[in-house]
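Numbering (the working numbering), first residue to last: 77 to 265.
Note that CB positions come from ideal geometry on N, CA and C, so glycine has one too.
Just so we're clear, the structure is a prediction, and the values are computed from it rather than from any experiment.
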Ligand SMILES: C[S@@+](CC[C@H](N)C(=O)[O-])C[C@H]1O[C@@H](n2cnc3c(N)ncnc32)[C@H](O)[C@@H]1O
């Protein structure tokens, strides 16, 4: 049983996608094939499929992937869901866009594994492919993220480097929080 299986008993646990992320992808062309690594219940996948992107969502929570499928089937959206480990995923050549939202934390014990994954994606994504990463904007995280791209030795255009506010609400307890997030979107030259 994956860590998030229990958490996902709560519907739409993470709420709405960031309006800035949706706005960026609404205006971006072409609307290609996007892989959402760690898609969870499909907070971003579903909204992006509604915009016309062809989505593959990968998560190790079967509960999350089942919910993604249920919603996308109801609406007839172009969504494929795969239960799997994003660190084993290797088919970057099949996608125009790679999205990772709230997947990196850069804690001491994780930093090498996480920056190695950024390096792998940077190297394997196709030319003109987009990488969109959203992380909590605290401490050195934004710098670590940018350094990981710089250290890959691959040239990218930076299309977006912004600060967002993530509004979270626990529907059961009414608890609300606002967290600063960084959205970083690059395109391989
Ligand atoms: C904080 S949630 C973010 C979910 C989604 N990206 C969003 O922003 O709504 C982290 C997600 O990553 C998944 N996850 C964590 N490690 C994973 C791994 N190694 N492979 C696949 N999924 C993973 C969890 O099951 C969970 O759904």
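- Message: With three or more beta-carbon pairs closer than 8 Å as the criterion, would you say the stretch 174 to 184 touches the stretch 139 to 156?
- Response: At 8 Å Cβ cutoff, the stretches do not touch.
- Could you please give the first and the last residue of the uninterrupted alpha helix (DSSP H) stretch that includes residue 134? Looking at the DSSP string, residue 134 is not in any alpha helix (DSSP H); the run it does join, the beta strand (DSSP E), is 130 to 135.
- Return the residue from the list 192, 252, 249 and 203 that minimises the CA-CA distance to residue 225. Considering only alpha carbons, the answer is 192.
- Query: Going along the chain, which unbroken runs of the alpha helix (DSSP H) with 4 or more residues stay wholly within the stretch 146 to 226?
  - Reply: The qualifying runs are 187 to 200.
- Message: If you follow the alpha helix (DSSP H) that residue 81 is in, where does it begin and where does it stop?
- Response: It spans 80 to 83 - the alpha helix (DSSP H) in which residue 81 sits, taken as one unbroken run.
- Task: Measure the beta-carbon distance from residue 116 to residue 140 and round it to whole angstroms, keeping in mind my assumption that it falls under 8 Å.
- Result: Rounded, the Cβ-Cβ distance is 5 Å, consistent with contact.
- Item | Validate contact between the stretch 229 to 237 and the stretch 160 to 179 using beta carbons, cut 8 Å, 3 pairs | Because the criterion of three Cβ pairs below 8 Å is not met, the stretch 229 to 237 and the stretch 160 to 179 do not touch.
- Task: Report yes if the C-beta of residue 208 is less than 8 Å from at least one heavy atom of ligand 1; otherwise report no.
- Result: Not under cutoff, so the answer is no.
- State buried or exposed for residue 245, treating a residue as buried only when at least 16 other CB atoms are found within 10 Å of its CB. Classification of residue 245: exposed, given that the 10 Å Cβ count is below 16.
- Query: Can you find a heavy atom of ligand 1 that lies under 8 Å from the Cβ of residue 179?
  - Reply: Yes.
- Task: Within its chain, find whatever has a CB closer than 6 Å to the CB of residue 109; leave out the 5 residues flanking it on each side and keep chain order.
- Result: Contacts found: 130, 171 and 172.
- Cα-Cα separation between residue 97 and residue 259, rounded to whole angstroms: If I take the Cα positions, the gap works out to 8 Å.
- Task: Assign residue 114 to buried or exposed, taking buried as 16 or more other Cβ atoms, counted over all protein chains shown, within 10 Å of its Cβ.
- Result: For residue 114, the number of other beta carbons within 10 angstroms of its own is at least 16, and it is reported as buried.
- Task: Look at the alpha carbon of residue 268 and the alpha carbon of residue 77, and state the distance between them as a whole number of angstroms.
- Result: Residue 268 lies beyond the range of the chain shown here (77 to 265); nothing can be said about it.
- Item | Length of the line joining the Cα atoms of residue 163 and residue 236 | So the two alpha carbons sit approximately 25 Å from each other.
- Item | Contact belief for residue 257 with residue 213 at Cβ below 8 Å, rounded distance in angstroms | Correct: roughly 6 Å between the Cβ atoms.
- Item | Identity of the residues DSSP links to residue 244 by a beta bridge | Paired residue(s): 253.
- Message: Could you give the first and the last residue of the continuous alpha helix (DSSP H) run that contains residue 265?
- Response: Judged by DSSP secondary structure, residue 265 falls outside any alpha helix (DSSP H); it is assigned neither H nor E.
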